[in-house]
Every structure is written in structure tokens, then in C-alpha cells.
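Residue numbers (this note's numbering): 803 to 885.
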């Protein structure tokens, strides 16, 4: 199945490569042949981005909003006050 150790490691390598190099074939990435310079996405076919607007007017409310958005993105909304 898809959950075998080799396939899971391949998936993790691909996801880490996507973060470090963008959509390329570096370190087992999912993309086609491109340059492999960490953080330089100019030769990558794509990259991951997240934009959150932030205003210093109300730091507590803004921080709570950012944590809420990241909670939804990273844990499908399963993050609660107790964890």
C-alpha cells in the first residue's frame, strides 16, 4: 500500500524538498530537473507561499487570528486551547 516505509520516506523527502527548493527534483522533489540552491526559487517551477496581513493596531487579536489560520492550515482545525 501507499503507507509502506519506502513510500512514506519518499513523500516526506518530496515535501521537505518542496519547502527548501520549490517545485524541483532536488533531494527527491516532485518536479523536473532544476537548480538546487536552498531558498532560491528562481529556477523552480513553483513554490509554496502563505500571506497573512498583520497590523500592529491590536497585537493580541492579530496574534490570535494568525494562530487560528495556521491551526486550520496545519491541523485541519484540530488545535484547541488545551493543546
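Glycine included, C-beta positions come from ideal geometry on N, C-alpha and C.
CB contact flag (residue i, residue j, <8 Å)
i: residue 848; j: residue 824; result: yes
i: residue 820; j: residue 807; result: no
DSSP three-state assignment for residue i, whether helix, strand or coil
i: residue 838; result: coil
i: residue 870; result: helix
i: residue 847; result: coil
i: residue 875; result: helix
i: residue 827; result: coil
Through-space distance from residue j to residue i, alpha-carbon basis
i: residue 871; j: residue 846; result: 27 Å
i: residue 840; j: residue 852; result: 18 Å
i: residue 837; j: residue 826; result: 8 Å
i: residue 782; j: residue 862; result: Because the chain spans 803 through 885 in this model, residue 782 falls outside it and cannot be assessed.
i: residue 877; j: residue 844; result: 30 Å
i: residue 828; j: residue 875; result: 25 Å
i: residue 889; j: residue 817; result: The requested residue 889 does not occur in the structure, where the chain is confined to residues 803 to 885.
i: residue 809; j: residue 869; result: 31 Å
i: residue 822; j: residue 834; result: 15 Å
i: residue 864; j: residue 850; result: 23 Å
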